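**Q** Numbering (my numbering), first residue to last: 694 to 867.
Don't be surprised by glycine CBs; every beta carbon is placed ideally from N, CA and C.
Note that the coordinates shown come from a computational prediction; the quantities given were computed from them, not determined experimentally.
Written out as structure tokens, the structure is:
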């Protein structure tokens, strides 16, 4: 269980950190407001949902990944809504020692306004929950052992008295 938690934390940091760093360093957007932030954290949740959990190459995993991704959009937007509602009141600015690359004007912003810090936190939380839920047991499900009747074994439209005689004759041929 601890191994799955650490894998979830690692996946969340990589996904959220990658998206936050791409936004900050690639697009030079140190902070986001309103609709753009909801869009960003929805994308972070979707990517995290697809990457975390059961690997995509397992049978039936693409359906599960698709559902986790769609649900991840709601999780990302919901976590941002909670953070912007409650962390705004507590006014937590980022310390300069943790993020030395940020200019002083960006360090004065609240935590929920900085995707370089908030995206990894959200992705780590969601990926950890997914990894803890998906323990890996039952992934190696083999083919079922149920025998399916052949078409020749199915008697349709015969009288009940003729069916056992034909089945006995077929059994003798085998």
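When you compare each of 743, 780, 707, 774 to residue 760 by their alpha carbons, which one comes out closest?
**A** To locate residue 760, count along the chain shown from 1; it is residue 67. Nearest C-alpha to residue 760: 743.
**Q** Does residue 845 come out as helix, strand or coil in the three-state DSSP assignment?
**A** Within the chain shown, residue 845 is the residue found at index 152, counting from 1. Three-state DSSP puts residue 845 in a helix.
**Q** Suppose you measure from the CA of residue 717 to the CA of residue 839; what does that come to, to the nearest Å?
**A** On the chain shown, residue 717 is found 24 positions in, with the first residue counted as 1. On the chain shown, residue 839 is found 146 positions in, with the first residue counted as 1. Computed Cα separation, rounded: 56 Å.
**Q** With three or more C-beta pairs closer than 8 Å as the rule, is the segment 808-815 touching the segment 696-703?
**A** No: the two stretches stay apart, fewer than three of their Cβ pairs being nearer than 8 Å.
**Q** Can you grab the Cα-Cα spacing for the pair residue 806 / residue 711, in whole Å?
**A** Taking the first residue of the chain shown as 1, we reach residue 806 at position 113. Taking the first residue of the chain shown as 1, we reach residue 711 at position 18. The alpha-carbon atoms of residue 806 and residue 711 are separated by roughly 17 Å.
**Q** Touch check for the segment 748-755 and the segment 727-737: three-plus C-beta pairs under 8 Å?
**A** Short answer: they don't touch.
**Q** Assuming residue 707 is part of the alpha helix (DSSP H), what are its boundary residues?
**A** Locating residue 707 in the chain shown gives position 14, counting from the first residue. Run containing residue 707: 695-714, per the alpha helix (DSSP H) assignment.
**Q** Could you give the uninterrupted runs of the alpha helix (DSSP H) lying entirely in the segment 720-744, keeping only those of 4 residues or more?
**A** Taking only runs of at least 4 residues, the alpha helix (DSSP H) segments lying wholly in the segment 720-744 are 727-744.
**Q** Throw me the rounded Cβ distance for the residue 776 and residue 762 pair, which I believe falls under 8 Å.
**A** Residue numbering aside, residue 776 sits at position 83 when the chain shown is read from its first letter. Residue numbering aside, residue 762 sits at position 69 when the chain shown is read from its first letter. Not a contact, Cβ separation roughly 21 Å.
**Q** What would DSSP say about residue 806, mapped onto helix, strand or coil?
**A** Indexing the chain shown from 1 puts residue 806 at position 113. In the structure shown, residue 806 sits in a helix (DSSP, three-state: H, G or I).
**Q** Figure out for me which residue from 747, 749, 808, 746 has the closest Cα to the Cα of residue 769.
**A** Here residue 769 refers to the residue found at position 76 when the chain shown is read from its first residue. Selected option, being the one with the closest Cα: 808.
**Q** How big is the Cα-Cα spacing for residue 745 and residue 774?
**A** As a position in the chain shown, residue 745 is number 52, starting the count at 1. As a position in the chain shown, residue 774 is number 81, starting the count at 1. Straight-line Cα distance between these residues: approximately 22 Å.
**Q** From the DSSP output, in three-state form, read off residue 762 for me.
**A** Along the chain shown, one-based indexing puts residue 762 at 69. Residue state, collapsed to three classes: helix.
**Q** Here's the rule I'm using: 16 or more other beta-carbon atoms within 10 Å means buried, otherwise exposed. How should residue 708 be labelled?
**A** In the chain shown, counting from the first residue as 1, residue 708 sits at position 15. With 16 or more Cβ atoms within 10 Å of its Cβ, residue 708 is classed as buried.
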